[in-house]
Amino acid sequence: MTTPFDSRRLVSFLSSMAHTDKAVAYGIAAGRALKEVADEQDIPYLQAAAGISLLIMETVQRVRANKSQCMQLIAQIHDIICTLVELCADFGSGPSVPMLQNIARFTETLQKIHAYVRAQADLGVFKRIVKQAGNASRLDECKAGLQETIDAFGVQPFAPLTAFTDAAAQLYSGLSTFEEIAQMQLNASRRHEELMALVDARSDAASSRASDSSSNLRRSSSTLSLIPGSPKIFYGREQEVRNVVGALKASIPARVAVLGAGGMGKTTLALAVMHDFDVVSAFGAQRFFIPLYGACSATDMIGKIAAYFGVQDEGRPHKSVLRHLSAIATPILLVLDNMEDCWEPLIGRDKVEKFLALLTDVPNLHLMVTMRGAERPTNIKWTRPFLPVLTTLDLNAARRTFLDITDEDSDGKIVDKLLALTDHLPLAISLMANLVSSEGCETVLERWQSEKTSLLSEGIDKLSNLDKSIMLSVSSARMASNPNALMLLSILSILPSGISSSDLEHMNLPLPDVARCTSTLVRSSLSYRDNDHRFKVLAPIREYVRRTCPLPPSLWRPLRTDFHNLADLFKGPGFLSRALVHRLSVDLGNMRTVALYGLSSEDSDRADLIQTVACIVKIAGFTYLTTLGSLEGLDSLKGMVETLGDPRLCGQYLHIIAHFDHKMKLEPYSRLAIKYFEQVNDLTGQAKAYRALGLYYEGRREPAKAFEAISTSVALAAKAGDLSNQASSMVDLSQHYNMYGNTSTALRQANDAHVVAREAGDLWIEARAMRARATTCERLGDYSRGARLCAAARGLLAALALDSTNGFSVFRHILNTEAEINLQQTNYTRARALNMALTTPEEAQTGFSHQEISNGYALINIAYIDVATGNCASVDATLNLARALFQAHGRGFGLAACDITLGDLLRARGKYPAARALYLKSFASAPIPELQAMCLEKLSDVALATHDTASAQRNATLLLVLASRSGYQAKMLHALRRLGDVFLAQGDTPVGMLLFGVALHGFTLMGVHRARGECLLRIGDIQAAQGETAAARISWEAACPEFAESLQHEEVAECDRRLSRA
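UniProt numbering puts the sequence shown at residues 1 to 1062.
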């Protein structure tokens, strides 16, 4: 009898096999394709979108519940990614700000989807029933987010994947449906092939570009420097060039300041020097030209220099720059152009000069700066004789410059009359010549004469000849033929960092034919394109235009909107990837200038001012985390912000500016911010402010206040339903418990934080929680679990494109925990490498900011490892660097750790009494149980006690009690090992043998090599003394590899000697 065909079973089979397997496979392929594109184009959020989508594809394969809903999400993600990969091919010089916002929202949605899918994979039946309503709500949120992305990207659903779930819900109705499903699979395969073909084409193009780039580098020794071309029209500065080139050829590195008024040709002179034959021969590819337009502070200046060298987002850009330059063995010529903006403000001038001084300490570095004015920065030993301040050109040089530009064969007298109007100022000559080239000498002269009366009547006679030359260019026939060009010039005048053509096109400015406007400005010499293809305007022209052609509201508002939207791309540290840091830092000067312009504009109403202050708060948050940019004077806005009458905004403003003067303002400003947040019942705002207070008190070693503030933050965030901030504060609470020796509570708090972070769908906070768990596991001696947690946390950060040693990334803290685990296991080689990845001894010499305190702890670990492995030569210098950091920041914890490590060094040198004195001093002043335990472990050493076994026994017992109370499992074993030494010294061999056996078992489970080797050595000695030679040999042989693994070469040799005698 033939069994009836079961259409439902067929559809179920097709859904489970074709749909799940192929859909996931296609989704993985699409995610990988997006990752390749993201890695190539360096677009913010794109790498995170690719990484999270791959996490989702990996997780969905474990889903046991609500699988059809999950597969619907997978299908839509696949469609979006395919569309996004195609869109990337059309981005050209980069996506618009609205497109970046769409990508950012898509990435946030992907995090929520990952949380939902993981919940379906991990939750048991009972928990799924309990959380059914929450799951349904989260699913709706995920669907809404995807639909928003589909609408934004114009995604056309691809039938192969979306139809599978529809097919699963339908009855099989005949052959045609079967064929349709087969066709869906065929279409899916075709779509997959198209995607792969697109990726292959992009890969080939990228390879071709890389090949061309390599070829170009071989053809030119200076391509890497990105130096603008040499000036083609350059007269009257021959002597100055000779003077500078002579200084650069000297054996002592040159320090040259090129000074002069605006438009005097300082930049042109610098470029002429850089392209001089002798300079090219001497410096080759190590010639670097860095314009500092828009840099208003030391942090701005350092950020631009770091960005130029591609090291701007390591959290410590000044160190990265100095390290990068110091690593270059051949002579370097570094030119800092237009440095006056960051040096002229008296506030912060000392920081600029301090960094310049550090630059001059770099071996082989020749420094040249160009600055408006006649004053050089102090604290620099400038090359003598000083280069004289540049003056105007002589008549002959002015005439040759003019005629080379105009190619005019006019009466020499007329030319001289026109040149007299320029006062022979190079920039004015260039502007006048460009004007003449389009209008003719006679016409320009007639215009000057005819307009002279009106100019005088309006008081324009007070203008400099440069201003008058700019005025003539702005009012030229070429500009008059395109009135919108002047409007664009007004926009560019408030953008010191310039703007790319793609950003201009996407700004929705009410200017028709923006491309024609930019062309008009460039042809009129009022604008130019730099090496990064950004349109810029020289400072003298910007100043003139801002004075005479202020922006009308019709242009100001869309400009403000675009830069506010750009600032909104910053969403906190959880998405602060290299690509985003670079994208925002490029326009950081523009964002600040636009914001300040908005505050001073008479056209700004209350709503405008509120939006502008909110933007400034965003920029301040970015600056605080990255140390890029400057917000000096931010505190002066306090009165204006309060008059706006928006309590939430006041709270946000006070909360962020409190961090810029941590010692003086954080407590009072945070308290005031809390009061403002309370007025509008902003629980999240209160939670953030209380968290800031808690961390502030933690740093001041006020544990009671810290605990109260952080606990309040947790409660407020939970009440607000803000799971991310709740989890973040719970992590802080776990760290608080850890610090004061309550490891069991710390672990419970970290586990709870991890659960809440997973519920929030916040991968960055989840990585923080996992690191907190790992840290507690390290304290508890569960090193293998701690290492697994660190690896898993790094995987989450890799998905977010945050897997770097960025000083503000939790990745750095994870590396620190991994280093500590390896240190405790006495894997000294790995531990030292990890600490060196976190810092190098040289870095502490140039510390600038509070974030670098962690470097001091890495330095201490390096010093400790060097002592433990017998490499003591550089330990004094390393400790001195660490101590200088801790003294500068008033960190008693770090200073005590320095003393303990110094005690280890003295002990290694045989100075036992001095070492013991340092340990006692450190124990008496140790603020936390961890340091106390470290001191007691040292003091319980029988050898250190110089045969005072009672003292060693007392300290070992105290260590055992402290470790037991705090949960420091490894310290408990060390206490037992020390007590074994005591009993052995006292002649109680059985008790000693028992204690060594217990400690050996514990150290074996923990994987602690050195301590395991020491226990085995002691046990072997006892066995040998008892005549058990065979057992002793086994113990000594087992000790050898443990000592070798922990680099204890003397102990290995000692074991070998014992074995040879046995």
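The C-beta atom is built at its ideal place from N, Cα and C for all residues, glycine as well. None of the values given here were measured: they were computed from a predicted structure.
DSSP-derived helix/strand/coil call for residue i
| i | result |
| --- | --- |
| M339 | coil |
| M507 | coil |
| T370 | strand |
| P253 | coil |
| G260 | strand |
| residue 1065 | In the structure displayed, the chain extends from 1 to 1062; residue 1065 sits before or after that span and is not available. |
| F288 | strand |
| I657 | helix |
| A1053 | helix |
| I233 | coil |
| I865 | helix |
| L333 | strand |
| L555 | helix |
| A1062 | coil |
| L365 | strand |
| residue 1063 | In the structure displayed, the chain extends from 1 to 1062; residue 1063 sits before or after that span and is not available. |
| W382 | coil |
Alpha-carbon to alpha-carbon, residue j and residue i
| i | j | result |
| --- | --- | --- |
| V514 | R478 | 15 Å |
| A706 | E667 | 12 Å |
| I81 | Q61 | 19 Å |
| I77 | H564 | 29 Å |
| T370 | G265 | 10 Å |
| Q449 | L472 | 12 Å |
| D461 | S670 | At D461 the pLDDT is 48, less than 50, meaning the model places this residue with poor confidence and gives no usable figure here. |
| G856 | E708 | 29 Å |
| D140 | A119 | 15 Å |
| T627 | A915 | 40 Å |
| R785 | P44 | 33 Å |
| S68 | L800 | 27 Å |
| L838 | A831 | 11 Å |
| L625 | E108 | 20 Å |
| S469 | L445 | 12 Å |
| A49 | T59 | 15 Å |
| V594 | P510 | 18 Å |
| T829 | L54 | 34 Å |
| A567 | C1040 | 59 Å |
| D530 | Y235 | 23 Å |
| M934 | G741 | 13 Å |
Classification of residue i by the beta-carbon crowding that lies within 10 angstroms, buried from 16 upward
| i | result |
| --- | --- |
| I347 | exposed |
| S430 | buried |
| P913 | exposed |
| H1049 | exposed |
| P496 | buried |
| V1052 | buried |
| E238 | exposed |
| P929 | buried |
| I252 | exposed |
| V961 | exposed |
Own chain residues within Cβ distance below 6 Å of residue i, not counting five before or after
| i | result |
| --- | --- |
| K719 | L683 |
| A767 | A793, L796, L797, V810 |
| D467 | Y544 |
Sequence-distant residues of the same chain with beta carbon closer than 8 Å to residue i, five excluded per side
| i | result |
| --- | --- |
| C296 | D341, C342, P345, G589, R592, S630, E632 |
| D752 | M730 |
| Q652 | A614, V617, A673, G685 |
Nonlocal neighbours in the same chain, by C-beta distance under 7 Å from residue i, ignoring five residues either side
| i | result |
| --- | --- |
| A1032 | G1020, Q1023, A1024, A1062 |
| A247 | A254, V256, T383 |
| A772 | V731, S734, Q735, A750, A753 |
| F309 | V321, H324 |
Query raised in the report: Of all the beta strand (DSSP E) runs that stay within the bounds of the segment 461-538, which reach a length of 3 or more residues?
Result: DSSP runs (the beta strand (DSSP E)) wholly in the segment 461-538: 534-536.
Query - alpha helix (DSSP H) runs wholly inside the segment 384-460, at least 4 long, in chain order - result: For the segment 384-460, whole alpha helix (DSSP H) runs of length 4 or above, ordered along the chain, are 395-406, 412-422, 426-439, 441-457.
**Report entry** alpha helix (DSSP H) segments (min. 4 residues) lying fully within the segment 967-1051
**Finding:** Fully enclosed alpha helix (DSSP H) runs of 4 or longer: 969-985, 989-1006, 1009-1025, 1029-1045.
Query - Sequence ranges, alpha helix (DSSP H) only - wholly within the segment 679-733, length at least 4 - result: Runs of the alpha helix (DSSP H) inside the segment 679-733: 683-699, 703-720.
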